[in-house]
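Written below as structure tokens is the structure these notes are about.
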Amino acid sequence: AVLCSLLSSYEDIPLPYNICFAGEVGLSGEIRAVNRIEQRIAEAEKLGFEKIIVSKYTQKAISTQSFNIEVIQMARVEELYRYLFG
Numbered sequence: 002a003v004l005c006s007l008l009s010s011y012e013d014i015p016l017p018y019n020i021c022f023a024g025e026v027g028l029s030g031e032i033r034a035v036n037r038i039e040q041r042i043a044e045a046e047k048l049g050f051e052k053i054i055v056s057k058y059t060q061k062a063i064s065t066q067s068f069n070i071e072v073i074q075m076a077r078v079e080e081l082y083r084y085l086f087g
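Just so we're aligned, residue 2 is where the sequence shown starts under my numbering, counting upward by one.
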């Protein structure tokens, strides 16, 4: 989320209010998985977010059918940048 805020400020384009982020960024630009991802997705859904962006490298398969939030998996910062700012 911090990286996305920095990119938003750099581009002078606000981030959509309905997107949440859960991941870590590696030194080479990969988006790394975080622990308890399904719990984080459930909490984002409870808070009213419509989309959550997570790492494509998540070890455990995410059961997206059990959530009413769109789960978007991404591998690299470049991919995230193109998605957010086209």
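The beta carbon of each residue, even a glycine, is placed where N, CA and C say it ideally should be.
Residue pairing from DSSP places I32 in a beta bridge opposite V26.
Shown here for E79: same chain residues with a beta carbon closer than 8 Å to its own, the five before and five after excluded, namely G30 in chain order. Straight through space, the alpha carbons of G49 and L28 are spaced by roughly 31 Å. The alpha-carbon of K61 is positioned some 9 Å away from that of I38.
Residue burial annotation: F86 is exposed, with fewer than 16 other C-beta atoms found within 10 angstroms of its C-beta.
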